[in-house]
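Each remark here refers to the structure printed beneath this line.
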Amino acid sequence: MEQSSRTSATDLRPDVPHPARMYDYYLGGKDNFPADREAAERALAANPEFRSTARANRGFLQRAVRFVTGQGIDQFLDIGTGIPTVGNTHEIAQQVDPQARVVYVDNDPIVLTHARALMAGMGLGRTDVLQADLRGPAGILSAAEVKGLLDLDRPVALVLAAVLHFLPDETEPYKIVETLVDALAPGSYLILSHGTADFIPPEVRDRVTGVYSKATAPLVGRSREEVRRFFDGLELLEPGVVTVPLWRPEEEPAEGADRVSMYGAVARKL
Ligand SMILES: C[S@@+](CC[C@H](N)C(=O)[O-])C[C@H]1O[C@@H](n2cnc3c(N)ncnc32)[C@H](O)[C@@H]1O
951 MEQSSRTSAT DLRPDVPHPA RMYDYYLGGK DNFPADREAA ERALAANPEF
1001 RSTARANRGF LQRAVRFVTG QGIDQFLDIG TGIPTVGNTH EIAQQVDPQA
1051 RVVYVDNDPI VLTHARALMA GMGLGRTDVL QADLRGPAGI LSAAEVKGLL
1101 DLDRPVALVL AAVLHFLPDE TEPYKIVETL VDALAPGSYL ILSHGTADFI
1151 PPEVRDRVTG VYSKATAPLV GRSREEVRRF FDGLELLEPG VVTVPLWRPE
1201 EEPAEGADRV SMYGAVARKL
């Protein structure tokens, strides 16, 4: 695996499973180490649907980005970006609006290494990447990368896809989302997806959380109501908080789509 000069092996910690690299493995990517693959295999042994859930989450993200771009949104703040894969936020948005601008934020150095390589290859100046932690929302909002590319006085789509379940309650995830949303102009959108244990037996949940407890971030599933609370004060758009394949599907949802372990929704700031 190549490393940029800005990322050391110490930062990467190949010996410790990282959620971004485990997710890359679920999606069939190659940007992961043996420790990530072993942890991901243990999670898959507990819940073989992790793979299809990851794919369904990507489908939701892409439909939601396409939707908000169609509503005139041309700037995105995508926090918890993940290792670049097929159909990244800027690619989907720029298919609809070639002028769309995206700032990617992630706390995992490997994500930044790959994202920077991808952006350099494109060289369009309409995407930027920032290594920062969602637990410090004020720092993200004031970062040069965000201020340089996005005009927060105009509507933005804030993307928090499959990231908030890495923030336990003691990190105050609701307050973090509120801080970010408060900084956005009226007419902005929140695109959010979140893992849940609503549809799996407690012993499966415990095995999966056991795997992530040894990774760099724990996994905290939340109920539909707990996920809905992230949208307090916003106009939740139809169909509300649903399992990700059921959010405005473009084809007939597969059997069991209503029991996929990830909720998603899109809301608008009035
Ligand atoms: C499951 S991936 C989701 C990737 C992409 N958003 C998607 O939905 O396909 C979660 C990402 O969130 C990142 N992440 C986890 N905790 C974070 C934190 N506290 N701050 C910033 N990024 C975080 C991980 O490094 C990983 O890249």
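With this note's numbering applied, the sequence shown corresponds to residues 951 to 1220, in that order. A virtual CB, placed ideally from N, CA and C, is assigned to each residue, including glycine.
Margin query: Here's the rule I'm using: 16 or more other beta-carbon atoms within 10 Å means buried, otherwise exposed. How should V1053 be labelled?
Written below: Translated into the one-based positions of the sequence shown, residue 1053 becomes position 103. So V1053 ends up on the buried side.
Next item on the list: For T1193, name the three-state secondary structure that DSSP assigns.
Entry: The residue labelled residue 1193 in the question sits at position 243 within the sequence shown. Per DSSP, reduced to three states, the secondary structure at T1193 is strand.
Check: Can at least three beta-carbon pairs, one atom from the stretch 1116-1125 and one from the stretch 1039-1056, be found at a separation below 8 Å?
Finding: Segment contact: the stretch 1116-1125 against the stretch 1039-1056, fewer than three CB-CB distances shorter than 8 Å; contact not assigned.
Item checked: Whole-angstrom distance between Y1162 and D1156, CA atom to CA atom -> Taking the first residue of the sequence shown as position 1, residue 1156 is located at position 206. Taking the first residue of the sequence shown as position 1, residue 1162 is located at position 212. Cα to Cα, the separation comes out at about 10 Å.
Check: Is there contact here, the stretch 1055-1062 with the stretch 1020-1032, by at least three beta-carbon pairs under 8 Å?
Finding: These segments touch.
Margin query: Here's a check: name, in chain order, each residue in its chain whose Cβ is nearer than 8 Å to the Cβ of A1135, leaving out the five neighbours to either side.
Written below: Translated into the one-based positions of the sequence shown, residue 1135 becomes position 185. Excluding sequence neighbours, A1135 sits near L1102, D1103, R1104, P1105, V1106 and K1219.
Next item on the list: Find the nearest neighbour of E988 within the set L1140, V966 and V1131, judged by alpha-carbon distance.
Entry: Translated into the one-based positions of the sequence shown, residue 988 becomes position 38. Of L1140, V966 and V1131, the residue nearest in Cα terms is V966.
Checklist line | Contact belief for S1173 with D1208 at Cβ below 8 Å, rounded distance in angstroms | finding: Position 223 of the sequence shown, counted from the start, is the residue given in the question as residue 1173. Position 258 of the sequence shown, counted from the start, is the residue given in the question as residue 1208. For a cut-off of 8 Å, the C-beta gap from S1173 to D1208 is around 15 Å, too long to register as a contact.
Next item on the list: Determine the contact status of L994 and R1001, defining contact as a CB-CB distance below 8 Å.
Entry: For the purposes of this step, residue 994 is identified with residue 44 of the sequence shown, where counting begins at 1. For the purposes of this step, residue 1001 is identified with residue 51 of the sequence shown, where counting begins at 1. Closer than 8 Å, so yes.
Notebook entry, point to check: Under 7 Å from any heavy atom of ligand 1, does the C-beta of T1159 make it?
Noted result: For the purposes of this step, residue 1159 is identified with residue 209 of the sequence shown, where counting begins at 1. It does not: the Cβ of T1159 is nowhere closer than 7 Å to a heavy atom of ligand 1.
Next item on the list: Count the other CB atoms, across all protein chains shown, that sit within 10 Å of the CB of G1073; report buried if there are 16 or more and exposed otherwise.
Entry: Residue 1073 sits at position 123 when you count from the first residue of the sequence shown. Here the model assigns G1073 a pLDDT of 49, short of 50, so the residue's position is not dependable, and the following value carries that caveat. By the 10 Å Cβ count, G1073 comes out exposed.
Check: Who are the Cβ neighbours of A970 in its own chain at under 8 Å, not counting the five residues just before and after it?
Finding: Counted from its first residue, the sequence shown places residue 970 at position 20. Take A970, set aside five residues on each side of it, and the residues of its chain with a beta-carbon closer than 8 Å to its own are G1032, I1033, D1056, D1058, I1060 and V1061, in chain order.
Item checked: Sheet register partners of T1077 (DSSP bridge) -> Translated into the one-based positions of the sequence shown, residue 1077 becomes position 127. Per DSSP, V1052.
Margin query: For ligand 1, is there any heavy atom lying closer than 7 Å to the beta carbon of S1211?
Written below: Taking the sequence shown and counting its residues from 1, one reaches residue 1211 at position 261. No - ligand 1 has no heavy atom lying nearer than 7 Å to the Cβ of S1211.
Check: Taking the Cβ atom as the reference point for each residue, do L1027 and L1117 lie within a distance shorter than 8 Å?
Finding: For the purposes of this step, residue 1027 is taken as residue 77 along the sequence shown, with counting starting at 1. For the purposes of this step, residue 1117 is taken as residue 167 along the sequence shown, with counting starting at 1. Not in contact: L1027 and L1117 (Cβ atoms no closer than 8 Å).
Check: From this set, H1064, T1063 and L1130, which residue's C-alpha is nearest V1096's C-alpha?
Finding: Here residue 1096 is taken as the residue at index 146 of the sequence shown, counted from 1. Of the candidates H1064, T1063 and L1130, the one whose C-alpha sits nearest the C-alpha of V1096 is L1130.
Notebook entry, point to check: How many Å lie between D986 and T1193 at the Cα?
Noted result: As a position in the sequence shown, residue 986 is number 36, starting the count at 1. As a position in the sequence shown, residue 1193 is number 243, starting the count at 1. Rounded to whole angstroms, D986 to T1193 spans 26 Å at the Cα level.
Check: Excluding sequence positions up to five away, which residues of its chain have a Cβ less than 6 Å from the Cβ of D961?
Finding: Within the sequence shown, the letter at position 11 stands for residue 961. Closer than 6 Å at Cβ, skipping near neighbours: P1059.
Margin query: Please state the DSSP three-state secondary structure of G1032.
Written below: Within the sequence shown, the letter at position 82 stands for residue 1032. If DSSP states are grouped into helix, strand and coil, G1032 belongs with coil.
Notebook entry, point to check: Where does I1023 fall in DSSP's three states?
Noted result: The residue you call residue 1023 lines up with position 73 of the sequence shown. The three-state secondary structure of I1023, taken from DSSP, is coil.
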